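Trainee:
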Amino acid sequence: MTRLENRPAQPGSGAGPSLSRRAFLAAPLAAACSRRPPSAGSSRPPNIVFVMLDDLGYADFGCYGGEMIETPNVDRLAAESLRFTDAYAGGAVCAPARCSLMTGLHTGHATIRANAGTAPIRPEDVTVGEVLQQAGYVTGIFGKWGLGDAHTPGEPRLQGFDESFGYLHQIHAHSYYPEFLWKNGEKYPLPGNAGGKRTQYSADIIFESSLDFIRNNKDRPFFLYAAYTLPHGRYEVPSDAPYTDRDWPQQAKNFAAMVTRADDHIGRLWKLLHELGLEEDTVLFVTSDNGGTRQQNEFFHSNKPFRGAKGQLYEGGIRVPMIVRWADKTDAGRVSDVPWYFCDFLPTAAELAGAPTPPGIDGKSVLPLIIGSSQPVHDYLYWEHYTYSRKLRRLNLDSRWQAVRMGEWKAVRPAPSAPLELYNLADDVGETRDLAAGEPGIVKRMEEIIAAEHTEPGPHEGGTFQFATD
12 MTRLENRPAQ PGSGAGPSLS RRAFLAAPLA AACSRRPPSA GSSRPPNIVF VMLDDLGYAD
72 FGCYGGEMIE TPNVDRLAAE SLRFTDAYAG GAVCAPARCS LMTGLHTGHA TIRANAGTAP
132 IRPEDVTVGE VLQQAGYVTG IFGKWGLGDA HTPGEPRLQG FDESFGYLHQ IHAHSYYPEF
192 LWKNGEKYPL PGNAGGKRTQ YSADIIFESS LDFIRNNKDR PFFLYAAYTL PHGRYEVPSD
252 APYTDRDWPQ QAKNFAAMVT RADDHIGRLW KLLHELGLEE DTVLFVTSDN GGTRQQNEFF
312 HSNKPFRGAK GQLYEGGIRV PMIVRWADKT DAGRVSDVPW YFCDFLPTAA ELAGAPTPPG
372 IDGKSVLPLI IGSSQPVHDY LYWEHYTYSR KLRRLNLDSR WQAVRMGEWK AVRPAPSAPL
432 ELYNLADDVG ETRDLAAGEP GIVKRMEEII AAEHTEPGPH EGGTFQFATD
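Going by this note's numbering, 378 is the number at position 367 of the sequence shown; the sequence numbering is gapless.
Here it is in structure tokens:
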């Protein structure tokens with residue numbers, strides 16, 4: 012039976028899941044432990060490292076077709092790992108994508124459906140951090156959180172993370188030379204950036220701290236959510252090497268240097284896992300939070316061969332690179348075209364940990380795909396996207412996009428009053444030929460899915476734009 016036929020109440024509709032958050036987190040794990048999958052080299056559950064870059068386009072990595080930016084470490088990682096061609100972000104912009112990743116809910120049900128000044132997720136939302144923390148993992152978020160500012164219910168320390176370091180507010184993360192970051196709920200001053208100085212580059216500081224987290228917890232299962240801010244704008248970087256001599260605009264040099272810097276970080280993280288003897292016992296994911304921006308796409312063709320960019324539900328806004336490595340559990344160089352998306356990460360992490368999955372979520376475990384299956388995980392995938400009015404402090408409901416992927420078919424409605432567009436991705440991955448007029452049966456099914464999966468969004472309250480410059 013599909014979720015369309017038997018869909019539980021969802022938080023986005025104002026109705027809670029059948030088991031409360033408090034009851035779920037208080038439930039004993041003894042029965043679940045018997046389901047724990049063995050890791051490659053020990054009896055303990057595997058470490059989980061989820062590296063998510065920020066605004067990196069599908070084709071910014073060489074292994075996904077990029078030709079202008081050097082990414083040797085990620086390209087080598089992909090050659091030795093499982094690479095997904097049809098993986099998707101949870102949303103078309105930062106906060107909804109991160110909410111979907113953390114809660115296992117798609118953007119028709121999730122608490123956060125727009126970049127709304129870091130409006131917080133709710134106390135009753137169950138996160139990946141809480142699931143893994145309950146299963147005995149030490150949990151850490153390093154980078155951009157974006158799901159609740161300081162002193163709100165969405166703070167990482169209230170959402171299942173033992174350690175946190177970086178940015179809480181997503182707009183604060185637009186500066187790579189801030190005067191402070193947040194560490195475990197407290198301000199962490201960066202005196203080298205005080206008074207306009209620019210000597211402490213936040214992306215490097217956060218990255219080094221994430222390596223320390225691995226070193227400090229190498230003897231116990233850990234979950235590292237490495238939500239690195241590179242290469243999101245502002246395009247600030249200590250050096251534009253190795254692109255200094257390119258005949259490019261300076262901003263393009265900076266962006267490319269930020270991607271290559273992120274590649275170096277990923278290479279060093281992977282090397283550390285090997286040096287500590289953790290490589291066989293760690294499942295490593297590498298992805299991006301959404302598609303590249305229009306500006307990136309125009310110069311670097313970051314989203315090729317797709318239509319659209321960040322902020323849109325065409326493929327260019329939501330299809331992302333996804334590389335997964337788990338020692339001898341993933342076949343080196345294998346490529347999978349099975350579609351899945353961010354809300355699948357929570358149940359996947361739960362299965363890896365041998366932990367129960369919260370009820371009422373949209374995601375499904377993709378562990379079978381990771382260890383060799385080629386069977387579809389979902390009947391369909393569903394997304395929504397909204398913009399947010401700072402003036403009115405609410406979602407712009409007339410800005411709503413909706414999209415469905417069902418097999419080779421993709422439906423997009425770019426506005427509530429717009430007709431449904433229909434594309435066959437097998438023949439037209441660039442979404443250039445609208446086939447809706449000639450496929451009434453498929454359009455009808457897509458409309459049924461949209462009607463079933465949409466719930467009205469709740470208030471997006473508690474966010475601020477304190478770091479905005481416009």
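Heads up, the beta-carbon is just placed ideally off N, CA and C, and yes, glycines get one too. Being a predicted model, the structure only gives us computed values, none of them experimental.
Quick check on Y75: does DSSP put it in helix, strand or coil?
Mentor: In the structure shown, Y75 sits in a helix (DSSP, three-state: H, G or I).
Trainee: Can you tell me where the beta strand (DSSP E) holding L408 begins and where it ends?
Mentor: Counting along the chain, the beta strand (DSSP E) containing L408 begins and ends at R405 to M417.
Trainee: Return yes when the Cβ of G154 is within less than 8 Å of the Cβ of Y75, no when it is not.
Mentor: No, these two residues do not count as a Cβ contact at 8 Å.
Trainee: Where does D300 sit, in a helix, a strand or coil, going by DSSP?
Mentor: In the structure shown, D300 sits in coil (DSSP, three-state: anything other than H, G, I, E or B).
Trainee: State buried or exposed for Q307, treating a residue as buried only when at least 16 other CB atoms are found within 10 Å of its CB.
Mentor: With 16 or more Cβ atoms within 10 Å of its Cβ, Q307 is classed as buried.
Trainee: Does the region 371-387 come into contact with the region 123-130, if we say contact requires no fewer than three beta-carbon pairs (one atom in each stretch) closer than 8 Å?
Mentor: The region 371-387 vs the region 123-130: no contact.
Trainee: By Cβ distance below 6 Å, which residues in the same chain neighbour H465 in space, the five residues on each side in sequence not counted?
Mentor: Once the five neighbours on either side are set aside, the close Cβ partners of H465 are G119.
Trainee: Do R245 and S186 have their CB atoms nearer than 8 Å?
Mentor: It is a contact, given that the beta carbons lie within the stated cut-off.
Trainee: Could you check if N227 is buried or exposed, using at least 16 other CB atoms within 10 Å of its CB as the buried criterion?
Mentor: Result: exposed.
Trainee: Rounded to the nearest angstrom, how far is the Cβ of D132 from that of C105, given a contact under 8 Å?
Mentor: It is Ile, not Asp, that sits at residue 132 in the sequence shown. The Cβ separation is near 14 Å, so there is no contact.
Trainee: What residues are listed by DSSP as bridge partners for T293?
Mentor: N58, per the DSSP bridge assignment.
Trainee: From G383 to L446, what distance separates their C-alpha atoms?
Mentor: Rounded to the nearest angstrom, the two C-alpha atoms are 34 Å apart.
Trainee: Between which two residues does the beta strand (DSSP E) containing P332 stretch?
Mentor: Run containing P332: R330 to R336, per the beta strand (DSSP E) assignment.
Trainee: The beta strand (DSSP E) spanning N435 covers which residue range?
Mentor: Its beta strand (DSSP E) spans residues E432 to N435.
Trainee: If we count the other Cβ atoms within 10 Å of its Cβ and call it buried at 16 or more, is Q477 buried or exposed?
Mentor: So Q477 ends up on the exposed side.
Trainee: Rounded to whole angstroms, what is the Cα-Cα separation between E166 and W412?
Mentor: Rounded to the nearest angstrom, the two C-alpha atoms are 28 Å apart.
Trainee: Consult DSSP for P425 and reduce its assignment to one of helix, strand or coil.
Mentor: In this structure, P425 counts as coil in the three-state DSSP scheme.
Trainee: Between which two residues does the alpha helix (DSSP H) carrying R279 extend?
Mentor: Its alpha helix (DSSP H) spans residues Q261 to E286.
Trainee: Just mark E174 as buried or exposed, buried being the case when its beta carbon has 16 or more other beta carbons within 10 Å.
Mentor: That one is buried.
Trainee: Measuring straight from C-alpha to C-alpha, what distance separates Q181 and R404?
Mentor: Their backbone Cα atoms lie some 17 Å apart in a straight line.
Trainee: Among the residues of its own chain, which have a CB less than 6 Å from the CB of I152, if the five just before and after it don't count?
Mentor: Taken in chain order, the residues that qualify are P167, F172, S175 and Y236.
Trainee: So, with DSSP's three-state summary, where would you put F356?
Mentor: Of the three classes helix, strand and coil, the one that applies to F356 here is helix, per DSSP.
Trainee: Going by alpha carbons, who is nearest to G196 out of T210, W156 and D215?
Mentor: Ranking the options by Cα distance to G196, first place goes to W156.
Trainee: Identify every run of the alpha helix (DSSP H) within the region 197-234, keeping only runs that are complete inside it and at least 4 residues long; order them along the chain.
Mentor: Counting only runs of 4 or more, we get 213-227.
Trainee: Name the DSSP beta bridge partners of V149, please?
Mentor: Its beta-bridge partners are F233.
Trainee: Between G374 and A146, is the Cβ-Cβ spacing less than 8 Å?
Mentor: No; because the gap between Cβ atoms is not below 8 Å, this pair is not in contact.
Trainee: Would you check if there are 3 or more beta carbon pairs closer than 8 Å linking the region 301-319 to the region 82-94?
Mentor: With the cut-off at 8 Å, the region 301-319 and the region 82-94 do not touch.
Trainee: Over the uninterrupted beta strand (DSSP E) stretch that includes E309, give me the two end residues.
Mentor: First-last for E309: R305 to F311, but that is the alpha helix (DSSP H), not the beta strand (DSSP E).
Trainee: Thinking just about the alpha-carbon of each residue, which of T210, A98, Y178 and P470 is nearest to the one in N407?
Mentor: Ranking T210, A98, Y178 and P470 by Cα distance to N407 puts P470 first.
Trainee: Tell me whether Q170 is buried or exposed, calling it buried when 16 or more other Cβ atoms sit within 10 Å of its Cβ.
Mentor: That one is buried.
Trainee: Taking C-alpha atoms, which residue in G449, R401 and W394 lies nearest to R424?
Mentor: Among G449, R401 and W394, the Cα nearest to that of R424 is on W394.
Trainee: Could you give the first and the last residue of the continuous alpha helix (DSSP H) run that contains R109?
Mentor: Segment C105 to T114, the alpha helix (DSSP H) holding R109.
Trainee: On the DSSP bridge assignment, give the partners of G154 in chain order.
Mentor: Beta-bridge pairing links G154 to G177 and A238.
Trainee: Check for me: the alpha helix (DSSP H) holding L88 runs from which residue to which?
Mentor: L88 -> alpha helix (DSSP H) spans P83 to A90.
Trainee: Counting along the chain, where does the alpha helix (DSSP H) carrying K455 start and finish?
Mentor: Counting along the chain, the alpha helix (DSSP H) containing K455 begins and ends at P451 to E464.
Trainee: For V346, is the classification buried or exposed, using 16 other Cβ atoms within 10 angstroms of its Cβ as the cut-off for buried?
Mentor: So V346 counts as exposed.
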